[in-house]
Amino acid sequence: MAHTKLTDNIQFPDSANPSRIIIAIGVVGIIASLVGVVVNYEQFLHSYLTSFTFFISIALASLFLVMIHHITRSSWGTTLRRIPETFSSYIWVFAILFIPILLGMTTLYEWTGDLADRNVFYQELSEYKSPYLNITFFVIRNIIYFSIWAFLGYKLYKKSLDMDETGDWGIDTTLRKISAPGIFFFAFTVAFASFDWIMSLRFDWFSTMFGVYYFSMSFQMIFAVLILMALYLRGKGLLLNTIARPHISDLGAWLFAFTVFYAYIAFGQFFLIYYANIPEATLFYHYRLEGNWQYLFYAVIFGRFVIPFLVLLSKPAKRNYTVLRIMSVMIIASHVVELYWLIMPSMHATFSLHWLDVTTFLAFAGIFFGLFFFYFKQHSMVPKNDPKLVESLNKH
Amino acid sequence: MSSQVKEQESKVFALLAEYDNPAKLMKAAKLVNRAGYTKFDAHSPFPIHGMDDAMGLKESKLGWIVLSHALVGFAGGLALQVWASSIAYPINIGGRPFANIPAYVPVTFELTILLSAFAAVFGMLFLNNLPKHHHSLFNSENFQRVTDDKFFICIETEDGMYSEEETMKFLEGTGASHIEQVYE
């Protein structure tokens with residue numbers, strides 16, 4: 001029953017590689033989205049931002065998970081660490097993918113304009129916020145965010161691969177030394193990035209909780225993504241004894257825990273604004289609880305809190321692959337819907353799905369998962385020389 | 001010491017087998033479970049992962065106790081507020097609806113958690129037959145090392161399969177370093 005060493009094949013085989021389908025999806029998505037740039041630029045930018053914030057949240061939450069894993073010297077997830085490591089290793093790609101948003105920011109963000117046609121209140125507010133919300137500083141900030149994330153993600157991945165090669169356990173200390181300050185910088189950059197990307201779509205609204213709100217959404221979803229990845233590998237007959245039931249049921253427990261955390265943060269933000277009832281603060285929710293936008297809101301509440309909470313409450317459910325798979329898909333879908341619900345009302349008064357929402361999503365999916373499998377197949381799927389690997393393999 | 005206890009002609013409570021390390025204890029627990037004993041327990045200075053499975057313990061009933069109390073707390077908390085500020089004495093707070101569900105969440109949540117926590121603590125004590133003044137195992141001198149560096153399995157005499165000779169022989173075969181009778 002106990003596995004004291006790796007018994008599985010740790011090389012990702014070509015037969016399990018879905019690259020072709022992913023590349024096909026990605027190419028179709030990219031071409032269709034490029035058409036959208038010409039046809040409806042504003043819609044393209046909003047759809048693009050939604051997909052961008054979704055896929056980078058996978059990478060960022062992975063980065064956080066890897067760092068927290070290192071600094072707490074955890075062993076529960078050592079066998080599956082290579083998956084989030086790979087996700088966060090190519091955040092530099094997102095820096096390039098951010099360029100369309102920078103180019104279109106004058107269309108996307110109202111505060112970039114002079115607001116001459118708006119009333120005095122907005123003009124003065126925009127003036128008041130201009131030391132932070134101006135184009136130059138926005139660009140500089142985003143360069144800082146992406147450099148920090150790209151550095152952390154790549155470094156942690158690279159060092160971990162070095163440990164695979166050399167078997168030098170001293171690298172474990174190095175990883176910890178990178179992660180400790182990394183967490184600190186991560187917290188600030190993610191909070192401010194979410195302010196810049198999503199919150200500043202309406203510059204008259206602010207919530208100091210927004211950073212942690214975006215983080216809690218992302219971090220809940222990352223466990224759903226990891227469960228699906230682990231089950232995908234199992235489905236292909238890979239790592240059956242390495243990422244086994246105890247690891248997956250732990251992911252289920254994390255998923256449950258951060259479902260509650262997400263609900264706490266999301267409700268906290270909503271409740272504070274609801275209770276204080278300050279007009280300019282409540283407007284944000286007012287637009288999103290009006291018309292058919294409210295159905296998305298209820299879908300999110302049930303899709304990523306009420307149903308997963310009730311279903312995952314019991315221990316056997318957290319160990320049941322079918323239940324975990326359904327809940328994971330539902331939570332990931334709700335994450336997309338929630339980002340859509342946060343971003344899109346700044347352009348549309350009522351909810352109606354545009355084809356660009358789908359194509360930009362496919363384009364990003366193609367790029368993101370194409371790169372994932374491109375990197376994943378090159379190295380072993382498990383950090384094979386990690387000092388805590390044996391402990392992780394022996395997990396009950 | 002033990003001969004003195006014997007002279008008191010007291011009843012044997014259990015056979016206590018001592019093991020040197022957690023791996024041996026785990027293996028022994030599996031054997032005892034497989035042999036069909038039900039009234040036995042394993043004792044260790046620290047929790048051992050996988051011991052529940054090795055001993056063949058059933059899923060604890062505690063979860064259901066906690067859940068039932070949580071539901072009572074949830075319903076009670078909600079009902080209390082709905083009745084007090086929407087039905088019995090409706091208060092207009094900033095023009096919000098009388099049945100103001102978001103505002104009821106914190107108290108409902110707190111009561112749910114409060115009752116669950118009480119249910120978990122007291123339910124655990126109840127299921128463990130605690131608090132207790134004394135336990136017969138403390139009559140054993142060796143057993144004191146269970147808080148330090150020794151691992152034990154005791155099979156109670158009340159177990160249906162218990163017989164003094166065979167159980168003793170059986171425990172000898174499980175790798176015990178020392179076996180003794182513990183008196184009530």
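Chains as they are written, first to last, in the numbering used here: chain A, 1 to 396; chain B, 1 to 184.
We put the beta carbon where it would ideally sit given N, CA and C, even for glycine.
Given the structure is predicted, the values throughout are model-derived calculations rather than measurements.
- Contact annotation, S136/B with E18/B: C-beta distance approximately 16 Å; criterion of less than 8 Å not satisfied.
- For the pair A16/A and K236/A, the Cα-to-Cα distance works out to about 6 Å.
- Every alpha helix (DSSP H) of 4 residues or more that sits fully in the segment 28-75 of chain B is shown, in chain order, as 51-55.
- Going by DSSP, E172/B is part of the alpha helix (DSSP H) stretching over 164-172.
- From the beta-carbon of P102/B, the residues of chain A found nearer than 9 Å are F267, F270, F271, Y274, Y275.
- Looking at the DSSP output, I153/B bridges to A17/B, A42/B.
- Only residues of its own chain outside the window of five on either side were considered, and among them P84, I222 have a CB closer than 7 Å to the CB of L65/A, listed in chain order.
- Here DSSP, grouped into helix, strand and coil, assigns Y157/A to helix.
- The residues S334, V337, in chain order, have a CB closer than 8 Å to that of A299/A in the same chain once the five nearest residues on each side in sequence are set aside.
- Between L255/A and A276/A, the C-beta gap is not smaller than 7 Å, which leaves the two residues out of contact.
- By DSSP's assignment, Y183/B forms a beta bridge with V12/B.
- Exclusion of the five residues before and after S179/A leaves M67, H70, I71 as the residues of its chain whose Cβ lies within less than 6 Å of its Cβ.
- In the DSSP assignment, K315/A falls within the unbroken alpha helix (DSSP H) covering 315-319.
- Residues of the segment 80-94 of chain B that bring their beta carbon within less than 8 Å of a beta carbon in chain A comprise G94, in sequence order.
- DSSP, read as helix, strand or coil, puts H247/A in helix.
- For G73/B and L313/A, the gap between their C-alpha atoms comes out near 17 Å.
- If you draw a straight line from the Cα of L171/B to the Cα of T157/B, it is about 14 Å long.
- Under the rule that a run must span 4 or more residues, the alpha helix (DSSP H) segments found entirely inside the segment 290-355 of chain A read 293-301, 307-312, 315-319, 321-343.
- Taking the Cβ atoms as the reference, K395/A lies roughly 4 Å from P246/A, within the contact range of under 8 Å.
- Identification of chain B residues near H396/A by a Cβ-Cβ cut-off of 7 Å yields H49, G50, ordered along the chain.
- Looking at the backbone, the Cα of F302/A and that of A42/B are separated by about 43 Å.
- When 8 Å is used as the limit between beta carbons, V66/B is near no residue of chain A, the shortest such separation being about 10 Å.
- Shortest Cα-Cα distance from Y154/A to any of I143/A, F137/A, L175/A involves L175/A.
- With a threshold of 16 other beta carbon atoms within 10 Å, T147/B falls short and is exposed.
- L362/A and W76/A have their C-alpha atoms some 33 Å from each other.
- When rounded, the separation of the alpha-carbon atoms in A244/A and T79/A is 9 Å.
- Under the three-pair Cβ rule at 8 Å, the segment 363-378 of chain A counts as touching the segment 26-41 of chain A.
- Judged by DSSP in its simplified three-state form, Q378/A adopts coil rather than helix or strand.
- Taking each of G252/A, L60/A, L393/A, F137/A in turn and checking the Cα distance to S328/A, the smallest one comes out for G252/A.
- When secondary structure is reduced to three states using DSSP, H135/B falls in the coil class, being assigned neither helix nor strand.
- In terms of Cα proximity to Q43/A, the closest of E391/A, F372/A, K377/A, S352/A is S352/A.
- Judged by their CB atoms, H46/A and M330/A are not nearer to each other than the 7 Å cut-off.
- The CB of V105/B comes closer than 8 Å to the CB of F267, F271 in chain A, given here in chain order.
- When C-alpha distances from V212/A are compared across I140/A, F297/A, F186/A, the shortest belongs to F186/A.
- Under the three-state reduction of DSSP, H70/A is assigned to helix.
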